[in-house]
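Here the sequence shown is numbered in this note's numbering, starting from 31 and rising by one per residue. Just so you know, even glycine gets a beta-carbon here, dropped at the ideal spot from N, CA and C.
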Amino acid sequence: MHTLQQPRFSLGQISFLLFSAHLFIQSQPVLADNTQAITQTSTQTTTVSTSQVATPTTNQPARDAALIQQLVTAGIQPLYRELQQQSQQLTQTSTEFCSTPTLENFQKLRTAWGETLLAWQRTDLLLFGPAIAEQLDFQINFAPPKKQIIKNLLASDQAISQADIVAAGVGAQGLSSLEYVLFDREQTTEQLLAQFQEAQGSVRCSYVQAVSALLEQKITQLSKAWLETDSTKFFTSNQEVIDLLIGKSYQTLEKINLKKIRLPFGMMDEKQLSHPYELEAWRSGYSFKTIQANIEGISRVFIDGGFLAWIDKTFPNDGTKLAVSAFEKQLKGLIQMQLPAGDPFTVVEQNIESPVRRELIERCRGLEMGIKRQLAIITQAQLGFNDNDGD
Numbered sequence: 031m032h033t034l035q036q037p038r039f040s041l042g043q044i045s046f047l048l049f050s051a052h053l054f055i056q057s058q059p060v061l062a063d064n065t066q067a068i069t070q071t072s073t074q075t076t077t078v079s080t081s082q083v084a085t086p087t088t089n090q091p092a093r094d095a096a097l098i099q100q101l102v103t104a105g106i107q108p109l110y111r112e113l114q115q116q117s118q119q120l121t122q123t124s125t126e127f128c129s130t131p132t133l134e135n136f137q138k139l140r141t142a143w144g145e146t147l148l149a150w151q152r153t154d155l156l157l158f159g160p161a162i163a164e165q166l167d168f169q170i171n172f173a174p175p176k177k178q179i180i181k182n183l184l185a186s187d188q189a190i191s192q193a194d195i196v197a198a199g200v201g202a203q204g205l206s207s208l209e210y211v212l213f214d215r216e217q218t219t220e221q222l223l224a225q226f227q228e229a230q231g232s233v234r235c236s237y238v239q240a241v242s243a244l245l246e247q248k249i250t251q252l253s254k255a256w257l258e259t260d261s262t263k264f265f266t267s268n269q270e271v272i273d274l275l276i277g278k279s280y281q282t283l284e285k286i287n288l289k290k291i292r293l294p295f296g297m298m299d300e301k302q303l304s305h306p307y308e309l310e311a312w313r314s315g316y317s318f319k320t321i322q323a324n325i326e327g328i329s330r331v332f333i334d335g336g337f338l339a340w341i342d343k344t345f346p347n348d349g350t351k352l353a354v355s356a357f358e359k360q361l362k363g364l365i366q367m368q369l370p371a372g373d374p375f376t377v378v379e380q381n382i383e384s385p386v387r388r389e390l391i392e393r394c395r396g397l398e399m400g401i402k403r404q405l406a407i408i409t410q411a412q413l414g415f416n417d418n419d420g421d
């Protein structure tokens, strides 16, 4: 530790260093005895004031071309390339299943759906620019699906076309709609498969094929915007990079904590009653996997895309270095952690307590605070309108 005899930092900077060091030490979470204690521990942190923030190095360009190029080519484009490949695999698998509706092919179809869902979840922090143009994000994953609209389509006596799906609206399109027809907690896998094999099965299959093909088209449209154009144009300045990536990552982490954890686990309920139907992807059991996929996406952009390294270089300060190092370690730790065992719906419905569950809650909360109370202040990011409000 630096001595005070020959100070190199102001008192404010020293406070920031101590706080950053504390978070760095805490990046391996201490498991509290209950979720209330976890929430209290996670929120008892010190907010860094603007006086503690290092100023950028002099002569920093208004638009760092090297940073933006690495962000796009090493961080963002691989995510969309993988998403496009998974959606193509989903379309192909749906065709193979409908040609030969066996149990093996049904399992392959559901796996292909799951891999596409997770690939989409990894792009959650990129819901800006092309992703929201023409409401592509809604067409790819509108949730919850409109069950009655889907039931009406499946009651048809004719094959369902892509035009029928488009006319039905986003409530019958995308990943959530496919989950509705491919998974059901009230039926066994064999019972679901039988619905594709009986007399009306061809209509159900035509629906799956039409939705899969339309989904691939929308994902391809989105992916091409990043893969086949000068996609560095989506960032006009360093500050726009900061505001978009910090802001959208914060929204992703807040959504995880509020909607994917606190709401279903009953942590926002006065009676602490769980709400398993509030889980994302509760039918398929992918609820916890989607959280980890969200974090993987942030990691791919922030680490592989060089964003954290750029922050460290652009805002030179020992406190910045510690904060960046702590955040990177927290990202990697959550990605590598074991998810709560068992079906997420059952875990939430029965309020099954476990060290792994507490660890997941604490790690997600720690990442949210790392963005809000450290990285956003260090970079002077404008978090802007929050997509999690008002919906």
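Asked	Found
Among L283, L309, Y280 and K285, the one whose alpha carbon lies nearest that of P294	L309
Closest residue to I333 among S355, Y316 and W256 (Cα-Cα distance)	S355
Whole alpha helix (DSSP H) elements within the stretch 214–245, 4-residue minimum	219–227
Cβ shell of E326 (< 7 Å), same chain only, five flanking positions each side left out	R152 and I365
Enclosing alpha helix (DSSP H) for T123 [first to last residue]	Q107 to S129
DSSP-derived helix/strand/coil call for I325	helix
Exposure of I276, with buried meaning 16 or more beta-carbon neighbours within 10 Å	buried
Close beta carbons around A323, own chain, < 7 Å, minus the five adjacent residues each side	L148, Q151 and R152
L222 versus Q380 - alpha carbon distance	25 Å
N- and C-terminal bounds of the alpha helix (DSSP H) containing K362	D348 to Q366
Proximity of Q203 and V233 at Cβ, strictly below 8 Å	no
Nearest-angstrom beta carbon gap, P374 and I386 [assumed within contact, 8 Å]	A quick correction: the sequence has Val, not Ile, at residue 386. Going by Cβ atoms, the distance from V386 to P374 rounds to 12 Å, so no, they are not a contact pair.
Beta-carbon proximity list for R93, same chain, < 8 Å, skipping 5 on both sides	F265, T266, S267 and N268
CA-to-CA distance, Q115 to T250, given in whole angstroms	9 Å
Euclidean distance between Cα positions of K177 and T123	24 Å
Three-state secondary structure (DSSP) of M399	helix
DSSP three-state assignment for I341, whether helix, strand or coil	helix
Length of the line joining the Cα atoms of P174 and W312	11 Å
G231 vs P131 beta-carbon contact at 8 Å	yes
Sequence-distant residues of its chain with Cβ nearer than 7 Å to G144 (five each side left out)	S314 and Y316
CB of L283 within 8 Å of CB of C394, strictly	yes
Separation of A104 from Q281, as counted between CA atoms	22 Å
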